[in-house]
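Okay, structure first, notes after.
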Amino acid sequence: MTTVYLVRHGEAEGNIYRRLHGQYNGDLTENGLRQVEYLERRFRPIHLDAVYSSDLRRCVKTARALYEHKGLPLQLEPGLREMAMGDWEDKPWGELGRTHPEQILLFRQTSRDFCAPGGERFEQVRDRVADTILRLAGKHDGETIALSTHFLAMRSALSRFHHCSVEEINQIIPKCDNIGVTCLRIQGEDVKILYECDSSHLPESLSTIGRQSWKRNNNVADPEANLWYRPWEPEQERELYLRFREEAWRNTHPNDPFDAEGFYRDAWNAARENPWSVVCVMQGDRVAGLLQMDLHRYEQDGSGFIFFYYLIPALRCRGLGVQLLGQAVHTFRPLGRSTLRLRCSPDNQIGLHFYGKYGFYPIGADTGSSVPLLVLEKRIDEG
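Numbers in this note's numbering are just positions in the sequence shown, counted from 1, shifted up by 540.
Rendered as structure tokens:
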């Protein structure tokens, strides 16, 4: 008989950027790294003979809590990967909710008919992960092992051990917060579930589900909570850009003239080179903000640069702004940039707190600005 601990990875970028990550190799968030510390405390007194992990970064970093302090090697197991989402990998939930509403409904229902283009079906991921768990348990008969895996992967496998259909997952299997733990006893094909999705080791202040109502309600495509992006249209949306740009300028440069034509010309040139360098942030059908990225500044340093980050006042301080950071990461990571930079006034305590919460730290001052501005940086590579 083998004791198997299934561990969901810590809070990851997709969880806060509200993007569908599937097998996209996203990272843990700063909060996710803190969650991992509490997972290590839980497993400190538990004997383990082996530790396996999905080979995706968010699981590998989570698994450190299981093997490092015990002096065990980490063994990578692709069979524990998350459900493959094909063409939907790293797409914003807000976009998918608009372009594929019927499929999103099937996804929420864990329907056997759901399949993202080029991805897996629930029954496929169920059998892949369940077979992997049974194989590893058989390899370690009489021992105790821990497996670092993913939300859908774990819940789909548990549906087989519960002897229920995939459509019954949401009714039978409890929600699992990031870093939640499930314990199984396995003898051959016989699986006994001792407990599942337990996150009692995690302080409420670090809970991912506890801080995100859209997660609690399983409303992955909520148009109020999930933003999406489209290229800015320079000719039709000139005044919109300048209105947003001037408001931000006045807040940080109250005594300097606003160069409307200069800002518009720079944005228009950037959009002409790459339409996705200046994007409208959309909430449903309305423009909720703007994100302008400079693809060349700091390129020699291996860094991407957010030139203009703007969310309309009505949506600020509602937990939505982090999604814009996710879009910037989505833009610069494929270009091979290892860090992401932006500027913030040292007097903007709300902004500094926000950026610090998501991993930005000061690296210097912008000497080319007429007012004091800090340059902040965040790692976006493996780190």
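Built from N, CA and C at the ideal position, the CB exists for glycine as well.
Item                                                                                                                                                                                  : Value
Ordered along the chain, which non-local residues of its own chain (more than five positions away) have a Cβ less than 6 Å from that of K601?                                         : L568
Please specify which runs of the alpha helix (DSSP H), each continuous and at least 4 residues long, are wholly inside the segment 698 to 730, giving them in chain order.            : 709 to 712
Taking the continuous alpha helix (DSSP H) assigned at T871, which residues delimit it?                                                                                               : V862 to F872
Using only CA atoms, which one of S885, F662 and R785 lies nearest to G802?                                                                                                           : R785
Measure the Cβ-Cβ separation of V591 and L616 and say whether it is below 7 Å.                                                                                                        : no
Note down the Cα distance separating N888 from R826, rounded to an integer number of angstroms.                                                                                       : 27 Å
Classify Y901: buried if its beta carbon has 16 or more other beta carbons within 10 angstroms, exposed otherwise.                                                                    : exposed
Please list the terminal residues of the continuous beta strand (DSSP E) segment that includes L880.                                                                                  : T879 to C884
For R790 and I890, what's the separation of their Cα atoms in angstroms?                                                                                                              : 17 Å
Flag this pair as yes or no: are the beta carbons of V706 and E663 separated by less than 7 Å?                                                                                        : yes
Tell me which residues share the same chain as I713 and place their Cβ nearer than 6 Å to its Cβ, disregarding the 5 neighbours each side in the sequence.                            : R695 and L698
Rounded to whole angstroms, what is the Cα-Cα separation between Y735 and V665?                                                                                                       : 22 Å
Looking at C-beta atoms only, is the number of pairs between the segment 713 to 729 and the segment 629 to 646 that lie closer than 8 Å three or more?                                : no
Does the distance from the CB of L865 to the CB of G829 come in under 7 Å?                                                                                                            : no
Taking all protein chains shown into account, do 16 or more other C-beta atoms lie within 10 angstroms of the C-beta of R756, making it buried, or fewer, making it exposed?          : Interpretation of R756 is limited by its pLDDT of 43, a score under 50 that renders its predicted location unreliable; no figure is taken from the coordinates.
Whole angstroms are fine: how far does the CA of W633 sit from the CA of A656?                                                                                                        : 13 Å
Relative to the alpha-carbon of F691, which residue among L916, L676, A624 and G728 has its alpha-carbon at the smallest distance?                                                    : A624
May I ask you to report which of helix, strand or coil DSSP gives D627?                                                                                                               : helix
Determine the direct distance from the alpha carbon of S878 to that of P794, and round the result to whole angstroms.                                                                 : 34 Å
Give every residue of the same chain whose Cβ lies closer than 6 Å to the Cβ of G554, excluding the five residues on either side of it in the sequence, and list them in chain order. : H561 and G566
Just to confirm, are R668 and G626 a CB contact at a threshold of 7 Å?                                                                                                                : no
In whole angstroms, what separates the C-alpha of E813 from that of Q776?                                                                                                             : 18 Å
Using 8 Å for Cβ pairs, my map puts A693 next to R621. What's the rounded Cβ distance?                                                                                                : 7 Å
What does the alpha-carbon distance come out to for the pair N545 and D671?                                                                                                           : The identity of residue 545 in the sequence shown is Tyr, whereas the question assumes Asn. Rounded to the nearest angstrom, the two C-alpha atoms are 15 Å apart.
For Q615, list the residues DSSP reports as bridge partners.                                                                                                                          : Y592
From the DSSP output, which residues share a beta bridge with V827?                                                                                                                   : M822
Helix, strand or coil for V911 per DSSP?                                                                                                                                              : coil
So, do the segment 867 to 875 and the segment 832 to 852 have three or more beta carbon pairs nearer to each other than 8 Å?                                                          : yes
In terms of residue numbering, what span does the alpha helix (DSSP H) encompassing G573 cover?                                                                                       : Position check: residue 573 holds Leu in this sequence, whereas Gly was assumed. Where L573 is concerned, the enclosing alpha helix (DSSP H) stretches over E570 to F583.
May I ask you to report which of helix, strand or coil DSSP gives W928?                                                                                                               : An answer regarding residue 928 cannot be provided, because it is not within the stretch 541 to 923 covered by the chain.
Consult DSSP for P797 and reduce its assignment to one of helix, strand or coil.                                                                                                      : coil
Would Y607 and L614 qualify as a contact pair, given that the criterion is a beta-carbon distance under 7 Å?                                                                          : yes
Using 8 Å as the threshold, is the segment 722 to 737 in touch with the segment 673 to 680, meaning 3 or more CB pairs across them?                                                   : yes
Going by C-alpha to C-alpha distance, which of R837, A854 and P797 sits closest to V926?                                                                                              : Nothing can be reported for residue 926, as the shown portion of the chain is limited to 541 through 923.
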